[in-house]
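Student: Line by line, the protein sequences are chains A and B.
Per the working numbering, the first sequence runs over residues 1 to 102.
Per the working numbering, the second sequence runs over residues 1 to 177.
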Amino acid sequence: MIPLSWYLIFSALLFSIGLFGVLARKNAVAILMGVELMLNAVNINLIAFWRYIVPDTTAGWMFVAAVFAVAAAEVAVGLALVYSIYRGRRTASADEIDLLKW
Amino acid sequence: MTPIQYVFLFTAGFTLLAALGVVTRRNVVHSALFLVVALFGVAVTFAILEAGFWAVIQVLVYIGAIAILMIFVVMLTRRNVADETYPEPFNDNMRLAFLAALLVFGGLALIIGGWDAAREITTAPFDFDTLTEFGLAMVSPDGYLVPFIVVSVLLLAAFVGSLMVAVQARSGEEEAE
C-alpha cells in the first residue's frame with residue numbers, strides 16, 4: 001500500500017533538514033537538535049528496510065538499538081560539554097567559542 | 001489512495017514541518033518543542049511500520065529523556081532572560097549549508113528514484129514475533145550479545161564522561177589543591 005520509496009524520501013528529507021540545522025545554526029544545543037533529526041532519519045530508514053525486505057530477521061532491530069543508544073550517549077556528553085563551556089564563557093553560541101581558531 | 005497512505009502523508013507532513021521549525025526558530029526553546037513534535041511524528045511512523053516496540057522506545061528515550069535534557073540545557077544556557085532578545089539563528093554559512101542540504105537531498109532522491117524496486121515493494125504480511133526473537137538474539141552468543149555489551153559499555157562511558165565534564169568545573173573552583 002505504501003511504497004518503500006515514500007519512506008526513503010521522507011527519511012532523506014528529514015536527514016537534509018537536520019543537516020541544514022547542524023551546519024547553519026549558531027546555538028550549540030540547536031546544532032545537537034539537528035544531529036538528533038539526522039539520527040531519527042537513519043532509524044526510519046532502518047525500520048522501513050527491515051519491514052519491507054527482511055521482516056523475519058532481527059539484524060535491523062539491533063542496528064536500531066545501537067543507533068538509539070549511541071544517540072542518547074552522544075546527546076548526554078554533548079550537552080554536558082555545552083553546559084560546561086557555558087559555565088566558563090557565558091555563551092552557548094558556537095560562533096563565540098573560537099579560542100582555537102587560526 | 002488508501003487510508004493508511006493518508007495517515008502516512010499526514011504524519012510525514014507534520015514531522016517535516018516540525019523539523020523545519022527546529023532548524024529555523026530564533027527562540028531555541030521553541031526549537032526544542034518543535035523537536036518533540038518531530039520525534040513524536042517519527043514514533044508514529046514506526047507504528048505505521050509495525051514496529052510498535054520502537055515507537056514506544058522512541059517516546060520514552062528520545063522525547064522523555066533526550067528532548068527533556070535539551071530543554072533543561074537550553075534553559076540553563078540563556079543569556080538574556082530579562083529582555084528576551086533573541087539573536088539571529090543562523091551563522092555565516094547559512095547559504096552554503098542550504099546548498100549542501102539541497103545537494104544531499106537531491107543525490108538521495110536521485111538514487112531512490114532510480115531504484116525501481118522501491119516503488120513496487122509493498123509490505124507482505126509476516127508471522128514472526130520479532131520482539132521475542134530480538135530479545136533472545138541480544139543475549140545469545142551466536143546472536144548479538146557482543147554488540148549489546150559493547151553498546152552497554154558505551155552508555156556507561158558516556159554516563160561517567162558527562163558526569164566528569166559537568167562536575168569537574170565546580171570542584172576545580174572550590175578546592176585549590
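Even glycine gets a Cβ: it sits at the ideal position worked out from N, Cα and C.
#1: Select from the region 20-38 of chain B all residues with a C-beta closer than 9 Å to any C-beta belonging to chain A, and list them in chain order.
#2: From A:L19 to A:A66, what does the alpha carbon distance come to, in whole angstroms?
#3: With DSSP as the reference, please indicate the residues paired to A:R25 in a beta bridge.
#4: Counting pairs of beta carbons, one from the region 38-49 of chain B and one from the region 38-55 of chain A, are three or more of them closer than 8 Å?
#5: On a Cα-Cα basis, can you pick out the residue from A:F63, A:A80 and A:M62 that is closest to B:M70?
#6: Is A:D56 close to chain B, meaning its C-beta is less than 8 Å from at least one C-beta of that chain?
#7: Out of curiosity, what's the CA-to-CA distance linking B:V56 and B:L131?
#8: Any beta-carbon of chain A closer than 8 Å to the one on B:S140?
#9: At the level of alpha carbons, what is the spacing between B:M138 and A:A69?
#10: In chain order, which alpha helix (DSSP H) runs of at least 4 residues are fully inside the region 6-56 of chain B?
#11: Let me know if A:M1 comes out buried or exposed under the rule of 16 or more other beta-carbons within 10 Å of its beta-carbon.
Tutor: Once the coordinates are examined:
#1: L20, V22, V23, T24, R25, V28, S31, A32, F34, L35 and A38
#2: Within the first sequence, the letter at position 19 stands for residue 19 of chain A. Within the first sequence, the letter at position 66 stands for residue 66 of chain A. If you take the alpha carbons of A:L19 and A:A66, they lie about 21 Å apart.
#3: Mapped onto the first sequence, residue 25 of chain A falls at position 25. Note: A:R25 sits in a beta bridge opposite B:F90.
#4: yes
#5: For this step, residue 70 of chain B is matched to residue 70 along the second sequence. Checked all of A:F63, A:A80 and A:M62; the closest Cα to B:M70 is A:A80.
#6: Looking up residue 56 of chain A in the first sequence gives position 56. Yes, contact with chain B.
#7: Translated into positions along the second sequence, residue 56 of chain B becomes position 56. Translated into positions along the second sequence, residue 131 of chain B becomes position 131. Cα to Cα, B:V56 sits roughly 13 Å from B:L131.
#8: What you label residue 140 of chain B is simply residue 140 of the second sequence in a count that begins at 1. Not an interface residue.
#9: Within the second sequence, the letter at position 138 stands for residue 138 of chain B. Within the first sequence, the letter at position 69 stands for residue 69 of chain A. When only Cα atoms are considered, B:M138 and A:A69 end up about 14 Å apart.
#10: The qualifying runs are 28-48.
#11: Counting from one through the first sequence, the residue named residue 1 of chain A turns up at place 1. Exposed, because fewer than 16 other Cβ atoms sit within 10 Å of the Cβ of A:M1.
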